[in-house]
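Before any comments, here is the structure.
Numbering (our numbering), first residue to last: 581 to 857.
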C-alpha cells in the first residue's frame, strides 16, 4: 500500500530525530495519515519549528514533542520517564535519530557525555535504552511495531574493542553502530515473539539528501516510503525479525545472525545503557 494511502487514525507514533531530514519527512507523512505524532529532537527551537511546519502542512493538531540529547543517556532516560507519564499508548516507535561517519567531528573519534564512543552511543545505545524503557507501553498498545532505521553500511563489531580505542575511523564507527542496531532488532523480535509487538529494521535509501550526506543519490521520498511502510502497512502486520533494503527483504551482515554475537552485544548494551528489563 502506498504510504500516502495509509490511514493511521487513532494511532500514536514516536519518531526520534524528527527535526530534520528523513525523520521530519516521515513525521509529516504520518501526521498526514491521521496519526498522533510524537516528535523528538535535541533542540527546543527546532522542535517547535518542526511542530509548526507539520501542523501547517497537514493541518494536524495531534502533535507533541519530546526533547533529549541522545549523546546523554541520562537525557534519554528522562525523556522515557516523561513519555511514560504523559502518553496512554504507543503504537509505533521509529528509532531514526543518528549521526553520520563524518558529522559531527569530521570523522574524528569523539565521546558521548557518558564517555562512550559517540557514534555507538547515539546510533545504538540511546535507541536501545529508549526502546527497553518503552516496551511496557508498546506491549500495552498491541498490535505495535518497532522500526529501527539502520543502514546498508555495516561492519562486524569487534568485541575486544567496541569503543574503537585502538583502531578508529568515522566510517568504521558508523557502520559498526548501524550493525549493532540490526543485532538489537533481531534480538527484540525473538524476545517479543507472541506478544503482538514486532521489530524490523531497514536501510531506508542510499545517500538521501540530509545534513549528514554530501552527495545524495536517492531521494528523500524513497526513504520515507520504505520507513512508513514498515511502520504502518497493514500487509506487514506480524512481520518481525527482518532487515529490509528499501522495500526489499534483504540479508544483513552475517554477524547479525550469530546468536552469540547478539548475546554479547545485549550484555554490553545493558551494562552501558543502564536499561531496564
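We put the beta carbon where it would ideally sit given N, CA and C, even for glycine.
Predicted model, so just to flag it, every value in this text is computed and none were measured.
Beta strand (DSSP E) runs contained entirely in the segment 733 to 783, provided each spans 3 or more residues: Counting only runs of 3 or more, we get 777 to 783.
Terminal residues of the beta strand (DSSP E) in which residue 829 lies: By one-based count along the chain shown, residue 829 stands at place 249. Run containing residue 829: 828 to 830, per the beta strand (DSSP E) assignment.
Contact between the segment 798 to 805 and the segment 685 to 702 (3+ Cβ pairs under 8 angstroms): Here the segment 798 to 805 makes no contact with the segment 685 to 702; the two share fewer than three CB pairs at distances below 8 angstroms.
Of the listed residues 639, 739, 781 and 649, nearest to residue 623 (C-alpha basis): Against the chain shown, residue 623 aligns to sequence position 43. For residue 623, the closest alpha carbon among the candidates 639, 739, 781 and 649 is that of 649.
Closest Cα partner of residue 756 within the set 593, 817 and 702: The residue given as residue 756 occupies position 176 in the chain shown. With respect to the C-alpha of residue 756, the residue from 593, 817 and 702 having the closest C-alpha is 702.
Strand pairing of residue 621, partner residues [DSSP]: Walking along the chain shown from the start, residue 621 turns up at place 41. Looking at the DSSP assignment, residue 621 forms a beta bridge with 647.
Beta-carbon contacts of residue 643 that lie in its chain and below 7 angstroms, excluding the five residues immediately before and after: Taking the first residue of the chain shown as position 1, residue 643 is located at position 63. When the five nearest sequence neighbours on each side are left out, the beta carbons in the same chain lying within less than 7 angstroms of the beta carbon of residue 643 are those of 611, 617, 619, 631, 634 and 635, in order along the chain.
Sequence-distant residues of its chain with Cβ nearer than 8 angstroms to residue 825 (five each side left out): Against the chain shown, residue 825 aligns to sequence position 245. Taking C-beta separations shorter than 8 angstroms and ignoring five residues to either side along the sequence, the partners of residue 825 in its chain run 732, 782 and 783, following chain order.
Cβ shell of residue 690 (< 6 angstroms), same chain only, five flanking positions each side left out: Stepping through the chain shown from its first residue, residue 690 is reached at position 110. The beta carbon of residue 690 lies closer than 6 angstroms to those of 698 in the same chain, with the five residues before and after it left out.
Own chain partners of residue 656 with C-beta closer than 7 angstroms, once the 5 adjacent residues on each side are dropped: Along the chain shown, read from residue 1 onward, the residue named residue 656 stands at position 76. Around residue 656: 648, 650, 706, 709 and 710.
Nearest residue (CA-CA) to residue 858, options 614, 746, 759 and 609: The question about residue 858 has no answer, for the chain in this structure spans 581 to 857.
Spatially closest choice to residue 552 from 770, 629 and 780, by CA coordinates: With the chain covering only 581 through 857, there is no way to say anything about residue 552.
Residue(s) in a DSSP beta bridge with residue 724: The sequence position of residue 724 within the chain shown is 144, counting from 1. For residue 724, which the question treats as bridged, DSSP gives the partners 777.
Residue range of the unbroken beta strand (DSSP E) whose run includes residue 674: Taking the chain shown and counting its residues from 1, the one referred to as residue 674 is at position 94. First-last of the beta strand (DSSP E) with residue 674: 672 to 675.
Residue burial classification, residue 851 (beta-carbon count within 10 angstroms, cutoff 16): One-based indexing of the chain shown puts residue 851 at position 271. Taking all protein chains shown into account, residue 851 has fewer than 16 neighbouring C-beta atoms within 10 Å of its C-beta and is therefore exposed.
Strand pairing of residue 593, partner residues [DSSP]: On the chain shown, residue 593 is found 13 positions in, with the first residue counted as 1. 617 and 672.
Cβ-Cβ distance between residue 778 and residue 725 below 8 angstroms: Within the chain shown, numbered from 1, the residue matching residue 778 stands at position 198. Within the chain shown, numbered from 1, the residue matching residue 725 stands at position 145. Going by C-beta atoms, residue 778 is nearer than 8 angstroms to residue 725.
Sequence-distant residues of the same chain with beta carbon closer than 8 angstroms to residue 585, five excluded per side: As a working note, residue 585 is residue 5 in the chain shown. Same-chain partners within the cutoff: there are none.
Range of the contiguous beta strand (DSSP E) that encloses residue 840: Position 260 of the chain shown holds residue 840. Bounds of any beta strand (DSSP E) do not take in residue 840; it lies within the alpha helix (DSSP H) bounded by 839 to 853.
CA nearest to the CA of residue 739, picked from 625, 854 and 835: The residue labelled residue 739 in the question sits at position 159 within the chain shown. Of the candidates 625, 854 and 835, the one whose C-alpha sits nearest the C-alpha of residue 739 is 835.
Best match in 713, 816, 646 and 653 for proximity to residue 597 [C-alpha to C-alpha]: Walking along the chain shown from the start, residue 597 turns up at place 17. Of the candidates 713, 816, 646 and 653, the one whose C-alpha sits nearest the C-alpha of residue 597 is 646.
Cβ neighbour criterion (16 or more within 10 Å) applied to residue 746: Start at 1 with the first residue of the chain shown, and residue 746 comes out as number 166. When all chains shown are included, residue 746 counts as exposed.
Reference residue 615; option with closest CA among 638, 625, 629 and 599: The sequence position of residue 615 within the chain shown is 35, counting from 1. From the listed residues 638, 625, 629 and 599, the smallest Cα separation to residue 615 is found for 638.
8 angstroms Cβ cutoff met for residue 754 and residue 681: Locating residue 754 in the chain shown gives position 174, counting from the first residue. Locating residue 681 in the chain shown gives position 101, counting from the first residue. Pairing residue 754 with residue 681 gives a Cβ-Cβ distance under 8 angstroms.
Neighbour-count burial assignment, residue 815, 16 or more Cβ in a 10 Å radius: On the chain shown, position 235 is the one that residue 815 refers to. Using a 10 angstroms sphere on the CB of residue 815, the tally of other CB atoms stays under 16, which defines it as exposed.
Classification of residue 589 by the beta-carbon crowding that lies within 10 angstroms, buried from 16 upward: For the purposes of this step, residue 589 is identified with residue 9 of the chain shown, where counting begins at 1. Exposed, because fewer than 16 other Cβ atoms sit within 10 Å of the Cβ of residue 589.
8 angstroms Cβ cutoff met for residue 521 and residue 723: It is not possible to answer for residue 521, since the shown part of the chain is limited to 581 through 857.
Length of the line joining the Cα atoms of residue 718 and residue 772: Numbered from its first residue, the chain shown carries residue 718 at position 138. Numbered from its first residue, the chain shown carries residue 772 at position 192. Spanning the alpha carbons of residue 718 and residue 772 requires a straight line of approximately 11 angstroms.
Selected residue, minimal CA-CA separation from residue 770, among 822, 684, 692 and 668: Against the chain shown, residue 770 aligns to sequence position 190. Looking at 822, 684, 692 and 668, the one whose alpha-carbon comes closest to that of residue 770 is 822.
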